[in-house]
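*Asks:* First the structure, which I've put down as structure tokens, then a few questions once you've had a look.
In our numbering, the protein residues as written are 571 to 832.
Given below as structure tokens:
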């Protein structure tokens, strides 16, 4: 099948329902949970603020529109390599210079929701990924790898989503060896349902925040605060994740969707 026929085939399948589009994006607004870093890690991002410009009123009778205050890494968002110091010197590392083809790619989903239900500090390891591959096949080069934890179901409550106590935040994520393994597999990036791509305990790891450290140092990408990963199969879907074309952008809120065969 040539390229034109492939695109035509996809359009027909979308229209017929043979493939469906799944929204993997959490709502973005004033109630969106925002990461809380320890003081020694630096400043935190502000919470989302929405300001009215006009709403069919004396400030503008014909239209409604707003302006917003928010950080680049707020809500469901994309992490570019330049976001982390390990990727700061790389070429094509900001949201306006990343190659377009990297925004559309195959996606695999590693389901560890049962483990996380028992242990919110669960860490995905290289061994766990190998166990997944033994069942579902080798992760193909150029794929997004998403960790399903069902953490998105906590997103309506900042307290439950960030899950912070006197010992710090408790949320799942990858161990350093898991990210190293995915890079060896040629993964395009790693995504999570939590507020960031790293686990809540990641600041205390070696190196701190290993997902950020290794992914961005290798010119790879991150997706955080994803939703509805329980609607995706382990393999066979296509992910579309295109950040805003912010000049020099270190990341961006975005609408992430998956095309899934039914």
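Heads up, the beta-carbon is just placed ideally off N, CA and C, and yes, glycines get one too.
1) What are the uninterrupted segments assigned as alpha helix (DSSP H) that are 4 or more residues long and contained completely in the stretch 592-639, given in chain order?
2) Rounded to the nearest angstrom, what separates residue 581 and residue 826 at their Cα positions?
3) According to DSSP, simplified to helix, strand and coil, what is residue 800?
4) Please report the distance separating the alpha-carbon of residue 671 from that of residue 711.
5) Enumerated in chain order, which unbroken segments of the alpha helix (DSSP H) with a length of 4 residues or greater are wholly contained in the stretch 715-753?
6) Checking the sheet assignment: what are the DSSP bridge partners for residue 675?
7) Quick check on the DSSP output: the beta strand (DSSP E) that includes residue 827 runs from which residue to which?
8) Residues bridged to residue 681 by DSSP?
9) Can you name the start and end residues of the beta strand (DSSP E) that residue 841 belongs to?
10) State buried or exposed for residue 625, treating a residue as buried only when at least 16 other CB atoms are found within 10 Å of its CB.
11) Should the stretch 788-806 be regarded as contacting the stretch 755-763, the criterion being three or more beta carbon pairs within less than 8 Å?
12) Just to confirm the assignment, what range does the alpha helix (DSSP H) spanning residue 784 have?
*Replies:* A quick look at the data gives this:
1) none
2) 19 Å
3) helix
4) 14 Å
5) 728-732
6) 809
7) 826-831
8) 718
9) This structure leaves residue 841 out entirely; the chain is present only between 571 and 832.
10) exposed
11) yes
12) 780-787
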